[in-house]
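The structure under discussion appears below in the form of structure tokens.
There are 2 protein chains.
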Amino acid sequence: MGTGIRIMLSKTCEYAIRAMIYIAQQSKNGSRVNVKEIASNIDSPELFIGKILQGLSKKGLLQSLPGRYGGFYINEAEAKTSLADIVIAIDGDKIFKGCGVGLGYCSEKKPCPIHADYKRARNALYKIYKEATLWQFRESISKGEIRLKRE
Amino acid sequence: MGTGIRIMLSKTCEYAIRAMIYIAQQSKNGSRVNVKEIASNIDSPELFIGKILQGLSKKGLLQSLPGRYGGFYINEAEAKTSLADIVIAIDGDKIFKGCGVGLGYCSEKKPCPIHADYKRARNALYKIYKEATLWQFRESISKGEIRLKRE
DNA sequence: TTTAATTCAGACAAAAACATCCGAAAATAG
DNA sequence: CTATTTTCGGATGTTTTTGTCTGAATTAAA
Chain A
1 MGTGIRIMLS
11 KTCEYAIRAM
21 IYIAQQSKNG
31 SRVNVKEIAS
41 NIDSPELFIG
51 KILQGLSKKG
61 LLQSLPGRYG
71 GFYINEAEAK
81 TSLADIVIAI
91 DGDKIFKGCG
101 VGLGYCSEKK
111 PCPIHADYKR
121 ARNALYKIYK
131 EATLWQFRES
141 ISKGEIRLKR
151 E
Chain B
1001 MGTGIRIMLS
1011 KTCEYAIRAM
1021 IYIAQQSKNG
1031 SRVNVKEIAS
1041 NIDSPELFIG
1051 KILQGLSKKG
1061 LLQSLPGRYG
1071 GFYINEAEAK
1081 TSLADIVIAI
1091 DGDKIFKGCG
1101 VGLGYCSEKK
1111 PCPIHADYKR
1121 ARNALYKIYK
1131 EATLWQFRES
1141 ISKGEIRLKR
1151 E
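Chains as they are written, first to last, in this note's numbering: chain A, 1 to 151; chain B, 1001 to 1151.
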């Protein structure tokens, strides 16, 4: 039927995060990567991840250079970007708020039955995404601890 | 751009949960409610919530009776249904699993950098939905503590 | 300066989620 | 039994998300 609770990412966010992690890793030695290479290394549709990165580039989350031998890269400052930053760049920050049952009026003053517990759990999740930086993932990849392909 | 992390519900789930809470409340005195009444009380598209409830009825989460003076209702046993039960009926239980970064291979043996923290937060959320029953909401509504309309 | 390889921009296309329509079957009051 | 009101089932329509195509602008090597 529907899509339900998605304590997971939209495709767009998943692709964006994986691509950013990959680019951050490849940028260590200053090299640029093009969308073809990115797509094949993170298992994503090539033209789609291109579009997504163009958007993130406009917002200053990474650098891009057109033309031959061009591509995308992430500098030292940008490697401090958190997963929460990426999510917010794509969808805005309203997704880190909101009622657990979808009631618009729900608030501290008029809480729904699960309001307090839910808020605590949701904030914990936000903290996790906020503290996870590209830099941190870069280390993990170098050690061979993680892969960016889907399987 | 995309949809991002949705620590919130799809429309379908939101409608389903609000409708179930409303029906449970109205069923206290044994009366049935029809889709028109449900839709107007929870602010949802009438024909759409009808379809959703038909599905939940088939799965045994509530009762339905066709014909004049028919409608939907929830008996005492069904009032023990949790929000997690509703979500699972609509989308299956895979949504309560899955990696926080969307990596298919991510597991205890091959964890992504946020695996452990994320799992803890996700499980806390599941617990909240699992422990929130229709019965519990029924009490809150009677006391006038919550409303089911969107605003 | 030419050429090849790339990002960029905007239109287009496909798939999934959300929502509606219509006619049939069922139930009940009168 | 009849009339009325409801759910049920399947097709259809709309909107959002996801994914693709095409051509122009950009860059640097040769």
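Even for Gly, the Cβ is constructed at its ideal location relative to N, Cα and C.
For residue i, three-class secondary structure by DSSP
i: residue 142 of chain A; result: helix
i: residue 104 of chain A; result: coil
i: residue 82 of chain A; result: strand
Span of the beta strand (DSSP E), counted from its first residue to its last, around residue i
i: residue 22 of chain A; result: Premise fails: residue 22 of chain A lies in the alpha helix (DSSP H), 11–26, not in any beta strand (DSSP E).
i: residue 64 of chain A; result: 63–65
i: residue 72 of chain A; result: 71–73
Counted within 10 angstroms of its Cβ, other Cβ atoms place residue i as buried (16 or more) or exposed
i: residue 122 of chain A; result: buried
i: residue 1010 of chain B; result: buried
i: residue 25 of chain A; result: buried
i: residue 1113 of chain B; result: buried
i: residue 1103 of chain B; result: buried
i: residue 19 of chain A; result: buried
i: residue 1014 of chain B; result: buried
i: residue 1044 of chain B; result: buried
i: residue 1071 of chain B; result: buried
i: residue 31 of chain A; result: exposed
i: residue 40 of chain A; result: exposed
i: residue 67 of chain A; result: exposed
i: residue 116 of chain A; result: exposed
N- and C-terminal bounds of the alpha helix (DSSP H) containing residue i
i: residue 1031 of chain B; result: Note, residue 1031 of chain B: premise wrong, no alpha helix (DSSP H); not H, not E.
i: residue 55 of chain A; result: 46–58
Specify whether the region 51–67 of chain A and the region 1124–1143 of chain B touch according to this definition: at least 3 beta carbon pairs, one from each stretch, less than 8 Å apart.
-> Contact between the region 51–67 of chain A and the region 1124–1143 of chain B is absent, because fewer than three Cβ pairs lie under 8 Å.
Identify each residue in the region 106–126 of chain A for which the Cβ-Cβ distance to at least one residue of chain B is less than 7 Å, and report them in chain order.
-> Against chain B - using a Cβ distance shorter than 7 Å - the residues of the region 106–126 of chain A are 112, 113, 114, 117, 118, 121, 122, 124, 125.
Quick one, which residues of the region 84–96 of chain A are near chain B if we go by CB-CB under 7 Å, in chain order?
-> Result list: 87, 90, 91, 95.
Identify each residue in the region 19–34 of chain A for which the Cβ-Cβ distance to at least one residue of chain B is less than 9 Å, and report them in chain order.
-> Only those residues of the region 19–34 of chain A whose C-beta falls short of 9 Å from the nearest C-beta of chain B are listed: 21.
Determine which residues of the region 67–83 of chain A have a Cβ less than 8 Å from any Cβ of chain B, and write them out in chain order.
-> Shown in chain order are the members of the region 67–83 of chain A whose Cβ falls below 8 Å from a Cβ of chain B: 83.
Given 8 Å, three or more beta-carbon pairs between the region 45–52 of chain A and the region 77–87 of chain A | Put simply, the region 45–52 of chain A does not touch the region 77–87 of chain A. Fewer than three CB pairs are less than 8 Å apart.
Just by C-beta distance, which residues in the region 46–57 of chain A are closer than 8 Å to chain B?
-> Correct list: 52, 55.
Mind checking the region 134–146 of chain A against chain B and listing, in chain order, the residues whose C-beta falls within less than 9 Å of any C-beta there?
-> Taking 9 Å as the Cβ-Cβ cut-off against chain B, the residues of the region 134–146 of chain A that qualify are 136, 137, 139, 140, 145, 146.
Would you check if there are 3 or more beta carbon pairs closer than 8 Å linking the region 86–102 of chain A to the region 116–130 of chain A?
-> In the pairwise beta carbon analysis, the region 86–102 of chain A is classified as touching the region 116–130 of chain A: at least three pairs are separated by under 8 Å.
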